[in-house]
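Using the working numbering, you'd call the opening residue of the sequence shown number 1 and step up by one each time.
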Amino acid sequence: MASLAQPAAGKKAQDRQMEKIQQQLLTLEKQNAEKILLMDRLEQLSRMDTERTQRVLERASSSNRTLKDEIERVYGPDENSPRNVNNKIVHEIIAKRTQDFERSKAEKALHMQLLVQERLKILEARDRLRAKKEVYRSLPSPIGNNITVIEMAPRGRSSGHRSVHSGGSYVKKAIESMPDAMDRIWNLRDSLHDDYVKKRKPYAGELGIASYLPRQIPSYLLVRKLVEDFVDNFIVTNIPPDHQVQKKDLKRKKLNEKEKDWEKTSKLLTERAAVQLVAEELLLEVTSSMTKDVASEGIHQDLLFKRMSANMFIREAEAQATGDPRGRDPNDPAYDLITRTFYTLQKNRDNFKKHIWMHSQLTKLSGPPPPQIIQIVTPPVKTKKKKKVNIPPEAPVSAPKLTTVVHQPMEADVQLITYDHLHPVDLKSSDARPTDGASIKKQKFWNDVYERREAKYWSKLKPDVFILPMARRCLGVTAIRPSPDHMQLAVGMKSGDVVVYNTQVHPWRIVKIDCSQEADGHVVHLAWSLDSSRLLAVKYSGTVTVWLTIGHPASKEHLRLMELTANETRVQPFSLLHLHTFNAAQGDLTLTEGPLVEQGSSRGQEKATLAAFFPSLTLFTTQHSVCTALQNGDVLKLDLETANTDTNLHKSPILLKPKIQTNVQVPNLVRQKIEAELLREHKHPIIHLDFVGNIGKMITVDRSGLICLWKYDKAQLSGFDWFLPEKKYQLKMSKISYAPSPEGIYKVLFTDRKGRTAHQGKIAQERKQAQRDLIRMNLSDPWHVVHGANELDTYIYEPPGGARNTTSVFHIVVRHRKTQQLSSYKTFLFQPVQVKCSRLLVVKQTPSGNNLVFILLFPAQSPKSPHLTILVLDLQTMKLHNIRKDLDITVEEHDTLNEVKIFSADVTQTYGPTGSEYLFITLNGRLSCISLNTGALTLCLDSLKKPQVPRFSGLRVNKKLLTLTKYYQVASIGNFGALHAIMFDRDTPQLTVLKLEDENLPEETRQMTKAYQLWGGKSCPSELRVNPVDCSLPDMKHKEAEMRSLILSLLPPDEELSIKDREKEKNENYLSLTQKVRKQALLSDL
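This is the structure we're talking about:
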């Protein structure tokens, strides 16, 4: 029974489900019906809205007609009336209408006054008439004084009274008064007729305004105005217009037709654009779908090919190694070791293939555009004789020690570069003054935003310190130079040895060495070729050695001397392949043959101080010439290709900057029979030698501040067969400062130090008045600031408009440090003085090769203490950037810097997120970093618990993390998105490296980049900046092919590709590269 009940229960469930479905269908039908009704209602509302809009437009058109009539009434006919209606014309019409109404109102008021006067006159005349009438009535009648009154007897029974007159007399009197009665009747008739005629014809104001009472006059005027407006509207509406009005109507109709045509045209264009957008959307959707399918197929093919090729390669290698075609057993421990080694080698290949591809290209490096540059102006200066200064004890300045500066005569073709017009960046205020223009306010605003963003970005860099020990044989490090691509680091030792580190691995590993076998002093200078294939070193003895970086494995003896062993991958360092050596002690850098020797131009035996590879490239992209700076200021250009004595070997053709053919057939030779060319201008030792943009003109700087720009051209060849510079510049080795005048007397205008008896309210009032006077003077940025120990800061301001060449009144303002409240305000006379530079400490060229950084040492000159001045020179325009950074030092440090080298500096590559190059500085064991875009301090060594550097928001590096002696020097390198500051000492055989890793969020990086763009910065080429995101070109792919694979790698994989398809794609990449090279005709000149 239970089995029979189950089908019945299922049937009922089906019936209930069917009923439920039918109810849902009925509900859906009702909802559809309601939707249809709603749609009909919406259409009806839309039509009503359209009709309402049409009525509004018709009313607007009628109001426009009235407005045009008003314009014609005000401005005259159509030829003179304005075509476009604007607010000015509407206001003029309203003003004109108001004037007309006021004029009509005044006329009506005057007319009313006249009418009132007329009414009064009429009333007076009426009174006179009444008076005359009474007079006339009082006169006796011509008939007699006895006037008989006729009395009619009442009907009915008579009383007993009887008339005194008789009937005859009564009749007689009636006959006598008949003419007067007739006259009165005729007069009454005439008056009735006149009244009838008057009311029959239209009213023409016969009654006049005098017929109204004074209280009725306003109502009368209002009604009359309404009647006039009604009549005017009736006339305009019903009476046909004249010819001018018809013209207006025709023009109006034409304009309406044009507007309708324009509306139709715009509607059609809108519909067409909408259709086109829909079609584009459909096309993009279809294209996107197809692209995803193709990308997924390509990704799968790439992955499949990589896996299959790797497995096939490992299987074949193990079959050859074990002699078994099946390969090694997976359970064998060597199986995992071989697999791991294979994939490690593959990864290293992918990392370094980019540089193999770049090595074969002819690239031209270009740096970022410089920031805003200011024109150099040299103001005249007058000096005062030495006198004693009488200064009160509370003065923040002291008497100067005036000195006389003797300038050497400057040649006429030398351009002077001054920096007196540059204001120190630490004294510049970011607050806009009332007199600043809109552009200056905007520039100050974005400068402030960029500087704050930069400091905040640096504060989130992660500092990490690691040490690279060296062999005891090295004794210490004396020179460091990174390769142009910052992939390798050359290190020169006190012992004369040279090692090269690979900076692409961690920790850095020595990959190339050269053990010096001669006691020719420590290394003082290192230089790389552009492609990093050659390296040279200048030693203290003046010897110049050139190596090829591609050498042979180092011998066991050299490895033992350098205390090196093979690493875990069994890769041992290589020895640098010796190419050439110029020994100054043996006269290798002295001219021995040629015209220069014959004419006595050779100055004897000199040793080299600096050297660099000349940017002339052979067919194999090698730099075959070396420029050597001698101690006497001369520069020798040595052609290493001429050192080859094998006549069977042909010289490689020179593609860039070939040797200049002079009229003299006999070349100039040095002792080793190598051709040499002489560049002569400097009379002092050269402290900097490099090339503009790393491949352009040569730039040299000597100790006196003379800057020479050399162009390798026949036009620069002198008659003595040596080259002269194209342009010469002299960096001014002194600057204008101001010192208290001996004749000056302090004038105290306000001070809050008046003792306990002073009234605080009076002090506050005087402070407010002094502050108001300072604001009214609109002083510029402070000339000097002194931070006192008693929580008071002293600001010294130049007079408004700038200081004169003689004594000027300077303003001395003292404020409380925390509240910036005014403490005192004084004035004092200052006089201009020349402060001579003690020494040109450092000249550094930026890695881009477009800027030179000068660091000058200045002595104390009251009120300023000894300080370093940092300047940036643009080598493209030879003008100073708007950056001047003054770093205060102590007197002891100043005296030490004149004798011992306790200062060093180096410039980093452009840091990608901030767009700036940075200057690392070590001074007396203190490390700091300065931005070359803003001049702001971004890094300093300080205590984290008790900071000693006030008002600093950059990166503080813990002193305990990095301990330096006062002789430590610094160099910088950047790779893998991190900046590295390398500290070294000539008495310590190790390198201390400070690594700064970027830990900012991507959003913060984007904000930093946006702030740099709004500040006015421009992008720098990727090969010249430190990028937080490293992008390499694996497998020697072209840039376009690599970008294509990079985009495809972001798509999700769906299917695997076959080996045949993967090989086809790879071959197409190489064919596209070959076709591009052929199309651009890169090898057509060969």
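Where is the CB? At the ideal position from N, CA and C, for every residue including glycine.
Inter-residue distance for residue 131 and residue 110 is about 32 Å (C-alpha atoms, whole angstroms). Annotated three-state conformation of residue 680 is coil, per DSSP. Between residue 591 and residue 670, the C-beta gap is smaller than 8 Å, which places the two residues in contact.
Straight-line spacing of the CA atoms in residue 850 and residue 874 works out to 6 Å.
Excluding the 5 residues flanking it on each side, residue 622 has same chain C-beta neighbours closer than 8 Å at 529, 531, 533, 534 and 652, in chain order.
Closest option to residue 703, judged by alpha-carbon separation, among 640, 633 and 496: 633. Comparing alpha carbon positions, the residue from 626, 434 and 900 closest to residue 674 is 626. Of the candidates 863, 103, 635 and 603, the residue whose Cα lies closest to the Cα of residue 613 is 635. In the structure shown, residue 91 falls within a helical segment according to DSSP collapsed to helix, strand and coil. With contacts defined as CB atoms closer than 8 Å, residue 909 and residue 1025 qualify as a contacting pair. In the three-state reduction of the DSSP assignment, residue 474 falls in the helix class. Bounds of the beta strand (DSSP E) holding residue 502 are 498 to 502. With respect to the C-alpha of residue 606, the residue from 543, 556 and 572 having the closest C-alpha is 543.
Bounds of the beta strand (DSSP E) holding residue 591 are 591 to 593. The segment 906 to 924 and the segment 837 to 855 touch, with no fewer than 3 CB-CB distances between them shorter than 8 Å. Listed in chain order, the non-local C-beta contacts of residue 986 below 6 Å within the same chain comprise 476, 478 and 494, local neighbours out to five positions each way being set aside. Scanning 897, 94 and 88 for the CA closest to the CA of residue 73 turns up 94. Contact between residue 328 and residue 316 fails: their C-beta atoms lie close to 12 Å from each other, not under 8 Å. Residues of the same chain with a CB within less than 6 Å of the CB of residue 961, apart from the 5 flanking positions on each side, are 465 in chain order.
Only exposed fits residue 284, as fewer than 16 other CB atoms lie within 10 angstroms of its CB. Taken atom to atom, the span from the alpha-carbon of residue 289 to that of residue 251 is near 57 Å. Relative to residue 852, the option among 806, 897, 808 and 918 whose CA is nearest is 918. Take the alpha-carbon of residue 959 and the one of residue 984: they are about 17 Å apart. Exclusion of the five residues before and after residue 455 leaves 936, 938, 953 and 954 as the residues of its chain whose Cβ lies within less than 7 Å of its Cβ. Counting of Cβ neighbours within 10 angstroms places residue 891 among the exposed residues, the total staying below 16. Taking C-beta separations shorter than 6 Å and ignoring five residues to either side along the sequence, the partners of residue 481 in its chain run 490 and 526, following chain order.
Assignment of residue 808 by DSSP, reduced to helix, strand and coil, places it in the strand class.
In this structure residue 662 is not in contact with residue 617, their Cβ atoms being roughly 22 Å apart against a cut-off of 8 Å. Each of 929, 841 and 887 was checked against the Cα of residue 898, and the nearest Cα belongs to 841.
When the beta-carbon positions are compared, residue 709 and residue 699 come within less than 8 Å of each other.
At a cut-off of 4 residues, the continuous stretches assigned as alpha helix (DSSP H) that sit fully inside the segment 859 to 910 are 891 to 897. Residue 780 and residue 864 do not touch by the CB rule: their CB atoms are close to 18 Å apart, not below 8 Å. Scanning its chain for C-beta atoms nearer than 7 Å, with the 5 sequence neighbours on each side dropped, one finds around residue 1011 the residues 449, 450 and 453, in chain order. Per DSSP, reduced to three states, the secondary structure at residue 572 is coil, with no helix or strand assignment. For residue 926, the enclosing beta strand (DSSP E) stretches over residues 926 to 931. Non-local beta-carbon contacts of residue 507 in its own chain, meaning distances under 8 Å to residues more than five positions away in sequence, involve 466 and 468 in chain order.
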